[in-house]
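First comes the structure, then the notes that go with it.
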Amino acid sequence: MLSASESGVSVISAVATLRELLRAHRKQGHSIGFVPTMGALHAGHRQLMETARRECDVLVVSIFVNPLQFDRPDDLARYPRTFEADCALCQAAGVDLIFAPTAADLYPEEQKTFVDVPELTGNLCGAFRPGHFRGVATVVMKLFGIVQPDRAYFGQKDAQQLAVITRMVHDLNVPVTIIPVPTVREDDGLALSSRNKHLTEAERQIAPALYRALSTAAAQVASGERSAVIIRENALRVLHQHPELRIEYLEFVHPQMLQPIPEITGPVLIAIAAWLGSTRLIDNVLAAPDTTPDPPR
Ligand code: AMP
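Take the sequence shown: its letter number 179 is residue 167 in my numbering, and every next letter is one higher.
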């Protein structure tokens, strides 16, 4: 139940064991930081851990590929699993406890209770991945119940997930502070993702086009263009240079409520999902019209 990985960090699979350890910390007045992940850890996850490490006394990372949030069995089956390397990364990032339950640890009986945030999950990824956010919100709620963290860290990379979890915590009065962490990118702009491992060399060359298109759109928002339709067309032009990209959506939405913003007068989330071969990529940027006054002449 409690074991040390080859890299030395404590790995716990049983819910009761983790609860007991964390109870002792809480008694001593330690604050608990939590980073939920599905493993295949990279520098994006590490950024979450390092942010949490600076702000909390005890740092818990969960590694669990949650079957409930996969809408396609083939996606679940081929999700990358790199447990020993994950433990080494956690150790290097100063993680105290890795919670790595099996599906039987987390779902000993059939789950009968689910968390849904329908208003925030009807569009963007929610429209293409039925049940996905229900699975995410439900497992995160379970993990919050087990870990009872003071602060939990989520990447801006998964903007819809961040909005759903933030709203869930607000609506259900869950006593945890959600901390958003900016997206970590490769030098050419590609957002780090566990799924990037699936890209062929040729696809990897094309993938940064997503961020180029988002950056083009963000620059147009900043420069005062208000029409989402016009900005979208220009961004699509960038993407259409690569016929290999199959675009699922490119949307301009409210950063928290996620409803479409046709006329941009304030902050906007520009979000994209596209397929490259058999890999689905998502990315987003936050943009806002530049409201700094002109310098005096
Ligand atoms: P995952 O393991 O993909 O479920 O992601 C676990 C957490 O890491 C989520 O909060 C993600 O948003 C976050 N994350 C994934 N990729 C990145 C990235 N490139 N930059 C920042 N955070 C990320």
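Virtual Cβ for every residue (Gly too), placed ideally from N, Cα, C. What you are looking at is a predicted structure, and each value in this text was computed from that prediction instead of being measured.
Quick one: is residue i buried, meaning 16 or more other Cβ sit within 10 Å of its Cβ, or exposed?
i	result
Ile218	exposed
Glu189	exposed
Gln57	buried
Asn296	This structure cannot speak to residue 296, because the chain is shown only from -11 to 285.
Glu232	exposed
Asp282	exposed
Phe116	exposed
Met245	exposed
Tell me whether residue i sits in a helix, a strand or coil according to DSSP, three-state version.
i	result
Gly82	coil
Gly143	strand
Asp282	coil
Val290	Past the boundaries of the shown model lies residue 290; the chain is included only from -11 to 285, so the question cannot be answered.
Glu221	helix
Ala179	strand
Leu29	coil
Gln16	coil
Gln35	helix
Ala136	With the sequence shown as reference, residue 136 is identified as Gln, and Ala is not the correct amino acid for it. Here Gln136 sits in coil by DSSP.
Could you check the C-alpha separation between residue i and residue j for me, to the nearest Å?
i	j	result
Glu8	Val172	34 Å
Gly177	Glu97	43 Å
Leu6	Val135	8 Å
Gly265	Glu174	20 Å
Leu227	Lys15	54 Å
Met26	Lys100	22 Å
Tyr95	Ala2	12 Å
Gln208	Ala151	24 Å
Leu131	Leu269	26 Å
Gln144	Val169	6 Å
Ile20	Leu10	8 Å
Val164	Ser50	16 Å
Gly133	Glu239	34 Å
Leu160	Gln229	45 Å
Ser215	Val157	33 Å
Ala210	Ala275	7 Å
Pro250	Ile153	25 Å
List the DSSP bridge partners of residue i.
i	result
Glu251	Ser215
Asn272	Ala259
Pro24	Ser50
Leu233	Leu264
Val241	Pro248, Leu257
Arg173	Ala179
Pro168	Phe142
Measuring only between beta-carbons, confirm whether residue i sits less than 8 Å from chain B.
i	result
Glu107	The chain labelled as chain B is not found in the depicted structure, where only one protein chain is given.
What alpha helix (DSSP H) runs, 4 residues minimum, are completely inside the region 183 to 217? 189 to 194, 197 to 210
Note down, one range per segment and in chain order, each alpha helix (DSSP H) of at least 4 residues found wholly within the region 40 to 123. 61 to 65, 71 to 80, 91 to 94, 113 to 116
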